[in-house]
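Engineer: Residues in the sequence shown are numbered consecutively from 1, following full-length UniProt numbering.
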Amino acid sequence: MNQNNLRTVTVMRYITPLREGGSLPALAEADDDFKYVLKFRGAGHGVKALIAELLGGEIARFLGLPVPELVFANLDEAFGRMEGDEEIQDLLKFSQGLNLGLHYLSGAITYDAAVNDCDELLASKIVWLDAFITNVDRTFRNTNLLIWHKELWLIDHGASFYFHHSWDNWETTAKTSFALIKDHVLLPKATKLDEIHAEFTQKLNDTIIENFIKLIPDDWLHWENGAITPEEIRMVYFRFLSIRLQNAELFLKQAQDARKTLI
1 MNQNNLRTVT
11 VMRYITPLRE
21 GGSLPALAEA
31 DDDFKYVLKF
41 RGAGHGVKAL
51 IAELLGGEIA
61 RFLGLPVPEL
71 VFANLDEAFG
81 RMEGDEEIQD
91 LLKFSQGLNL
101 GLHYLSGAIT
111 YDAAVNDCDE
121 LLASKIVWLD
131 AFITNVDRTF
141 RNTNLLIWHK
151 ELWLIDHGAS
161 FYFHHSWDNW
171 ETTAKTSFAL
181 IKDHVLLPKA
191 TKLDEIHAEF
201 TQKLNDTIIE
211 NFIKLIPDDW
221 LHWENGAITP
231 EEIRMVYFRF
241 LSIRLQNAEL
251 FLKQAQDARK
261 TLI
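1) What three-state label does DSSP hand Phe94 in the structure shown?
2) Under the rule that 16 or more other beta-carbon atoms within 10 Å means buried, what is Thr143, buried or exposed?
3) Is the separation between the beta-carbon of Val71 and that of Gly101 shorter than 8 Å?
4) Which one or two residues does DSSP pair with residue 315 in a beta bridge?
5) Which residues in the same chain as Phe140 place their Cβ atom closer than 7 Å to its Cβ, once the five residues preceding and following it in sequence are excluded?
6) Just confirm the distance between the C-beta atoms of Leu187 and Ala248, as a whole number of angstroms; I'd bet it's less than 8 Å.
7) Once DSSP output is grouped into helix, strand and coil, what is the label at Trp148?
8) So, using beta-carbon positions, are Ala43 and Leu91 closer together than 8 Å?
9) Whole angstroms are fine: how far does the CA of His164 sit from the CA of Leu24?
10) Evaluate contact between the region 48-57 and the region 156-175, counting only Cβ atoms and requiring at least three cross-stretch pairs below 8 Å.
11) Short of 8 Å in beta carbon distance, which residues of its chain neighbour Ile181, apart from the five on each side in sequence? Order them along the chain.
12) Compare the beta carbon distance of Leu63 and Phe240 with 8 Å and say whether it is the shorter of the two.
13) State yes or no: is the C-beta of Leu75 within less than 8 Å of the C-beta of Val11?
14) Rounded to whole angstroms, what is the Cα-Cα separation between Asn169 and Asp33?
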């Protein structure tokens with residue numbers, strides 16, 4: 001597998017759970033002496049949330065959006081045995097092996113649309129990205145945006161690619177206009193969607209998409225008692241993104257129409 005674009009670290013110290021997340025992520029320190037927000041394979045939606053986080057974050061980075069560095073994070077078998085909280089101990093036990101970490105932005109604050117500003121070009125980029133990857137979780141209730149050193153940063157793409165939780169009708173989902181974009185926290189500021197659409201559809205292509213898919217570790221692709229192979233799963237993700245890109249006019253128009261109802 002080609003994992004050259006992501007470093008791999010080993011988790012050395014569990015610092016504290018971040019209980020605002022339903023999947024119980026945690027702040028931890030790795031063997032490179034950096035701190036990371038860890039997303040665990042043993043939580044909630046398991047490896048599917050990690051795949052969404054990986055693909056969403058790396059697509060965003062490729063498109064020039066500010067995303068904390070993603071790393072593969074190894075969790076040793078003995079890690080967490082001394083943890084006193086049984087829920088956390090179980091989470092760590094079922095998360096042995098390869099997990100995902102996001103570089104911790106120390107001192108960052110949550111983006112608040114009522115207080116913080118966002119450049120219209122950047123807002124348009126984020127709205128287009130989230131429509132493309134079907135990210136349902138960038139709303140006023142939960143922005144998944146941080147202000148760090150006076151700049152806006154994107155975090156938490158684990159709710160993207162929601163089709164993979166049922167694995168049914170993924171081709172139909174790939175061609176949807178994504179009506180939930182109407183709830184996007186940055187939609188009112190996304191005035192340059194046409195410009196961004198032209199830029200991003202020029203940057204993305206099947207070769208680039210294939211490179212994203214190659215990042216998914218084999219270890220995260222053993223599902224449903226082997227009923228579908230890792231390569232078959234990779235092919236579905238590839239085709240989903242390829243079809244979605246070919247039909248990008250659909251979600252562009254949906255976002256533009258949704259904006260008109262707000263202004």
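All C-beta atoms, glycine included, are put in the ideal place defined by N, C-alpha and C.
Structural biologist: The relevant details are as follows:
1) coil
2) buried
3) It is a contact, given that the beta carbons lie within the stated cut-off.
4) Past the edges of the chain, shown from 1 to 263, lies residue 315, and the structure says nothing about it.
5) Ala113, Val185
6) The pair is not a contact, with the Cβ atoms about 17 Å apart (cut-off 8 Å).
7) Note: Trp148 maps to strand in three-state DSSP.
8) yes
9) 21 Å
10) Because the criterion of three Cβ pairs below 8 Å is met, the region 48-57 and the region 156-175 touch.
11) Val127, Asp130, Ala131, Leu187, Phe251, Gln254, Ala255, Ala258
12) no
13) Yes, the Cβ-Cβ distance between Leu75 and Val11 is below 8 Å.
14) 44 Å
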